[in-house]
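The structure under discussion appears below in the form of structure tokens.
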Amino acid sequence: MEKTKTVFRVKKDDEVRVMAGREKGKSGRVLKVDHAKGRVLVEGVNMVKKAVKKKKQNDRGGIIEVESSLHISNVKLVCKKCGPVRTGYKFENDKKVRICKKCGEVV
Ligand SMILES: [Zn+2]
């Protein structure tokens with residue numbers, strides 16, 4: 000038996016679903032991954048209001064909404080077939096590829 004370790008490995012441009020917290024159920028595209036902190040930034044998810052100063056003449060200034068990072072363990076990769084899934088790895092032609100644990104497809 001192969002030992003399976005749960006790995007939360009998402010990368011930029013992956014489609015993920017939020018599985019816990021206040022943004023539970025939302026999904027979006029990964030904008031940024033901070034491996035050191037174990038956090039991800041997901042497009043349109045976990046928006047927070049932020050005050051910005053007017054820098055240029057045509058800047059609006061005031062309050063804008065920006066994405067705030069989520070802990071990587073709170074998101075799951077979305078498989079096109081199965082929805083949010085756990086991922087694993089396998090070797091294909093000596094190359095490590097990421098697979099959906101449910102259907103076995105490369106994701
Ligand atoms: Zn799948």
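Quick note on numbering that gives the first Met the number 0: the sequence shown kicks off at 0 and runs consecutively.
Ideal Cβ positions, reconstructed from N, Cα and C, are used throughout, including at glycine.
- A check of alpha carbon separations from Lys31 across Asp13, Glu22 and Cys81 identifies Asp13 as the nearest.
- Here Val47 is actually not in contact with Val74; their C-beta atoms are around 17 angstroms apart, not less than 8 angstroms.
- In this chain, the beta strand (DSSP E) harbouring Ile98 covers Lys94 to Cys99.
- The DSSP assignment places no complete run of the alpha helix (DSSP H) inside the segment 54-90 (cut-off: 4 residues).
- In this structure, Glu104 has its CB closer than 7 angstroms to one or more heavy atoms of ligand 1.
- A check of alpha carbon separations from Arg21 across Lys55, Ala50 and His70 identifies His70 as the nearest.
- Per DSSP, Met18 lies in no beta strand (DSSP E) and is assigned neither H nor E.
- Taking the Cα positions, Ile62 is about 46 angstroms away from Lys94.
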